[in-house]
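Enquirer: Structure in structure tokens, see below.
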């Protein structure tokens, strides 16, 4: 079988690219297996901070793509690594769920439930409430705490619709504190892409990013000089005018088309 | 005793003007009593939707200013009355606390706890959480629900600091829904002031507004042609450069100075 592009590194977005909800997209398992058999390096990318890397690896393995946790890069691990560079071991308050909190603790941060912190970490958080918003405000008022967020998404697609994502929590904290988030690590930030490249141990020019969202996957890939593949199996339609504008290296109906 | 201005109607902001927390400001009871004894009409104005008009009347009475509920105008009653003009009896979802919900029910609205509504009412809500944010999003997605808010305040002063106010809830809903709030009824909107003028049954030019905030009380009074009195007993300092710019009719240390 022929592989569509010669690059050594392959980054795959997950939802809409590799699977849709609980079902693999056609040809996903075969394509990943063929890339690996040919000696290519593969990793998976997600903006969601709701699960651990191990959760994603387990899901992929269960669906038929055997994957280790170290082959997954999501916004929780990226945030933890980025903050480690900025302020290692800092006391932080987290607007986020357990997997993100666990990731931060594992990276040596002092996760507190009060305002005595140097950072407020803001994420997609289905347990967000007024008390957390107030703690974030007090952290900024009393300690001029800095704000960092996992991902910029307005909503998250779910079966039958969409639910509020990280942008809601970010907007609330910014509005009451009068302070802006200084870093958002998830797609389309180059921060998450750089962590993924480090994971693969390949250079950007020797790497492909495959995704279904022009405004994140393709924009981010172009900015860092990766080859880009837009799949039409997710959110983007084939008649989207941005396709001509952004000019991905390949536009294919789905992941299966990467094998000739 | 001489009264500083000849106007028939007198509107008083509450916190920082008539009282501070649980204590009347010096001369407040005497000044209000003198105005009433002279046949002037008095009402009290607040942006807070956390209490009913009866609650405010009871507090003022307890502190020494006998007041009826119909002499108080706050953002809950104003929102209910304004929405009654726009869409009487409409199904609404409320991001807000019990007093606001009670006010809306009394005004004939169908207050629902799901997304099957034409309006999302957004207020200062200490019980705000992700579930409410999600219901607001679904109301916009499914029914193109319109957004209306009680007040624009970023934070609310409390003893020893400040806590998140309505702007936090508004920003979160706007960010996830992609839709803007179309009306904010509280100060500095002319909507709350018009309700207050109706309550007093006086014309704007025959009315004075007395308050401690330039950007709400004074700006709003000027816009509608009321006489304006800035008291320096609250948030505004005497050296604030906006005083010269806005030129209130009177600037006084406190409410007591309204009596000669």
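Residue numbers (this note's numbering), protein chains in the order written: chain B, 146 to 405; chain X, 146 to 405. Heads up, the beta-carbon is just placed ideally off N, CA and C, and yes, glycines get one too.
#1: With a 10 Å radius around its C-beta and 16 neighbouring C-beta atoms as the bar for buried, classify residue 231(X) as buried or exposed.
#2: Out of curiosity, what's the CA-to-CA distance linking residue 324(B) and residue 203(B)?
#3: Looking at the strands, I want to know which residues DSSP matches up with residue 236(X).
#4: What does residue 344(X) touch in chain B if you count any residue whose Cβ is under 7 Å from its own?
#5: Is it buried or exposed, residue 331(B), if we count other Cβ atoms within 10 angstroms and call 16 or more buried?
#6: Is the Cβ of residue 299(X) closer than 8 Å to any Cβ of chain B?
#7: Need the endpoints of the beta strand (DSSP E) that residue 219(B) sits in, please.
#8: Can you tell me which residues form a DSSP beta bridge with residue 372(B)?
#9: Return the CA-CA distance between residue 293(X) and residue 267(X), expressed in angstroms with no decimal places.
#10: Per DSSP, what kind of secondary structure is residue 151(B) in: helix, strand or coil?
#11: Taking contact to mean at least 3 C-beta pairs separated by less than 8 Å, is the segment 361–370 of chain X in contact with the segment 252–259 of chain X?
#12: Counting pairs of Cβ atoms below 8 Å between the segment 227–244 of chain B and the segment 262–279 of chain B, do you hit three or more?
#13: Any C-beta of chain B within less than 9 Å: which residues of the segment 383–397 of chain X qualify?
#14: Out of 321(X), 300(X), 248(X), 301(X), state which residue places its alpha-carbon closest to the alpha-carbon of residue 302(B).
#15: Distance cutoff 8 Å, beta carbons only. Does residue 258(B) sit that close to anything in chain X?
#16: Considering Cα atoms alone, identify which of 342(B), 307(B), 299(B), 383(B) is closest to residue 316(B).
#17: For residue 318(B), which option in 341(B), 347(B), 286(B), 343(B) has the closest C-alpha, if you only look at C-alpha atoms?
#18: So which residues on chain X does residue 156(B) lean against when the C-beta distance must stay under 8 Å?
#19: Which residue's Cα is closest to the Cα of residue 211(X): 201(X), 220(X), 218(X)?
#20: Suppose only complete runs of 4+ residues qualify. What are the alpha helix (DSSP H) ranges in the segment 263–331 of chain X, listed by chain order?
#21: Alpha carbon to alpha carbon, how far is residue 370(B) from residue 338(B)? Give it in angstroms, no decimals.
#22: Looking at chain X, is there any beta carbon in it that lies within less than 8 Å of the beta carbon of residue 279(B)?
#23: Exposed or buried, what is residue 348(X) when buried is set at 16 or more other beta-carbons lying within 10 Å of its beta-carbon?
#24: Exposed or buried, what is residue 333(X) when buried is set at 16 or more other beta-carbons lying within 10 Å of its beta-carbon?
#25: Could you check which residue in 186(X), 242(X), 391(X), 215(X) has the C-alpha nearest to that of residue 272(X)?
#26: Using only CA atoms, which one of 343(X), 191(X), 182(X), 312(X) lies nearest to residue 148(X)?
#27: Can you find a C-beta in chain B that's less than 8 Å from the C-beta of residue 208(X)?
#28: Taking only heavy atoms of the ligand GTP into account, decide whether any of them is closer than 7 Å to the Cβ of residue 248(B).
#29: Under a Cβ-count criterion, where at least 16 other Cβ atoms within 10 Å of its own Cβ denotes burial, should residue 146(X) be classed as buried or exposed?
#30: What is the residue span of the beta strand (DSSP E) that residue 191(B) lies within?
#31: Let me see if you follow: with CB-CB separation under 8 Å, is residue 274(B) close to chain X or not?
#32: Could you tell me the distance, in whole angstroms, from the CA atom of residue 346(X) to the CA atom of residue 305(B)?
#33: Which two residues bound the contiguous beta strand (DSSP E) that contains residue 340(B)?
#34: Give the range of the alpha helix (DSSP H) segment to which residue 205(X) is assigned.
#35: Enumerate in chain order the residues of its own chain whose CB-to-CB distance from residue 283(B) is below 7 Å, with the five nearest sequence positions on each side excluded.
#36: Using DSSP with H/G/I as helix, E/B as strand and the rest coil, what is residue 173(X)?
Expert: Quick answer:
#1: The residue is exposed, with fewer than 16 neighbouring Cβ atoms inside 10 Å.
#2: Between residue 324(B) and residue 203(B), the C-alpha separation is close to 38 Å.
#3: Bridge partners of residue 236(X) according to DSSP: 255(X).
#4: Simply none; closest approach about 31 Å.
#5: The Cβ neighbour count for residue 331(B), taken over all protein chains shown within 10 Å, is at least 16; the residue is labelled buried.
#6: The beta carbon of residue 299(X) falls within 8 Å of a beta carbon belonging to chain B, placing the residue at that interface.
#7: Taken as a continuous stretch (DSSP letters only), the beta strand (DSSP E) holding residue 219(B) covers 217–219.
#8: 353(B).
#9: Answer to the nearest angstrom: the Cα atoms are 6 Å apart.
#10: In the structure shown, residue 151(B) falls within a coil segment according to DSSP collapsed to helix, strand and coil.
#11: By the Cβ rule, the segment 361–370 of chain X does not count as touching the segment 252–259 of chain X, because fewer than three pairs are nearer than 8 Å.
#12: Touching, yes.
#13: Taken residue by residue, none of the segment 383–397 of chain X has a beta-carbon sitting less than 9 Å from a beta-carbon on chain B.
#14: If we check each option's Cα against that of residue 302(B), 321(X) comes out closest.
#15: Taking a beta-carbon distance threshold of 8 Å, residue 258(B) does not count as an interface residue toward chain X.
#16: For the residues 342(B), 307(B), 299(B), 383(B), the minimum Cα distance to residue 316(B) belongs to 299(B).
#17: Out of 341(B), 347(B), 286(B), 343(B), 286(B) has the C-alpha closest to the C-alpha of residue 318(B).
#18: Going along chain X, no residue has its Cβ under 8 Å from residue 156(B), so there is no contact; the nearest lies around 28 Å.
#19: Relative to the Cα of residue 211(X), the nearest Cα in the group 201(X), 220(X), 218(X) belongs to 201(X).
#20: Counting only runs that start and end inside the segment 263–331 of chain X, the alpha helix (DSSP H) elements of at least 4 residues fall at 275–288, 311–322.
#21: Spanning the two alpha carbons is a distance of roughly 11 Å.
#22: Chain X contact via Cβ: present.
#23: By the neighbour-count rule (16 or more Cβ atoms within 10 Å), residue 348(X) is not buried but exposed.
#24: Buried, since its Cβ has 16 or more Cβ neighbours within 10 Å.
#25: Scanning 186(X), 242(X), 391(X), 215(X) for the CA closest to the CA of residue 272(X) turns up 242(X).
#26: The shortest CA-to-CA distance from residue 148(X) to any of 343(X), 191(X), 182(X), 312(X) is the one to 182(X).
#27: No - not a single Cβ of chain B is within 8 Å of the one on residue 208(X).
#28: Within the structure as shown, the ligand GTP is missing, as the structure has no ligands at all.
#29: Classification of residue 146(X): exposed, given that the 10 Å Cβ count is below 16.
#30: DSSP places residue 191(B) in the uninterrupted beta strand (DSSP E) bounded by 186–191.
#31: So yes, residue 274(B) belongs to the interface.
#32: Taking the straight line joining both Cα atoms gives about 52 Å.
#33: Not the beta strand (DSSP E): residue 340(B) falls in the alpha helix (DSSP H), residues 335–345.
#34: Counting along the chain, the alpha helix (DSSP H) containing residue 205(X) begins and ends at 198–208.
#35: If we look at residue 283(B) and ignore the five residues flanking it on each side, its Cβ neighbours are 260.
#36: Three-state result, residue 173(X): helix.
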